[in-house]
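Here the sequence shown is numbered in the numbering used here, starting from 14 and rising by one per residue.
Down below is the structure, laid out as structure tokens.
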Amino acid sequence: MLILVVLAIAAVVAVIKMPPWSFLTREDLTSCGEVSRDMSGEVPRDGTACLLAAQTNGTGAELKVTDYTDEGDPIFTYYRVVPDHSGMEVFVDSRDGYGKKGWTHLDCPQARAVPDVGACQEA
């Protein structure tokens, strides 16, 4: 019986991708809220205005944007303006059942707007 429990737990852990250490230990920043992209694909202006203000003022902020795949699977993107860091730091948590699943951590040094963050590289 114990073996079955251990195997069940291992199966759940394999399916649920844990956030990377860099996400779990990220600096606390002012929240710009949590928003969902509208039907046109636009991110609501209040969240983007908050991030732009943080960039302009040299303060930090984080905006969580939820998108959904055609099948309804969520993709959570955390856009972060970090003090003394150019551009944005971006974390993506994809729960896409048909595409890439899991976490991605990106550094986007030219980012000045959401969601168009320009060229990014894995952080």
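Just so it is clear, CB atoms sit at the ideal spot from N, CA and C, and this is done for glycine as well.
Under the three-state DSSP convention, the category residue i falls into
| i | result |
| --- | --- |
| Gln123 | coil |
| Arg93 | strand |
| Gly145 | Any question about residue 145 goes unanswered here, given that the chain covers just 14 to 136. |
| Asp129 | coil |
| Gly60 | helix |
Distance between beta carbons of residue j and residue i, contact taken as under 8 Å
| i | j | result |
| --- | --- | --- |
| Val48 | Pro128 | In fact, because the Cβ distance is near 11 Å, the residues do not count as touching under 8 Å. |
| Ile88 | Arg108 | 7 Å |
| His98 | Ser35 | Going by Cβ atoms, the distance from His98 to Ser35 rounds to 13 Å, so no, they are not a contact pair. |
| Leu42 | Cys63 | Rounded, the Cβ-Cβ distance is 11 Å, inconsistent with contact. |
| Glu135 | Val95 | With a Cβ gap of about 17 Å, Glu135 and Val95 do not count as contacting. |
Residues bridged to residue i (per DSSP)
| i | result |
| --- | --- |
| Ala74 | Thr43, Val94 |
| Ser49 | Thr79 |
| Gly115 | Ser107 |
| Glu102 | Arg93, Asp120 |
Outcome for residue i when other beta-carbon atoms lying within 10 angstroms are tallied against a minimum of 16
| i | result |
| --- | --- |
| Glu84 | exposed |
| Thr69 | exposed |
Chain D contact for residue i (CB, 9 Å cutoff)
| i | result |
| --- | --- |
| Phe104 | No chain D appears in the structure shown, which is made up of a single protein chain. |
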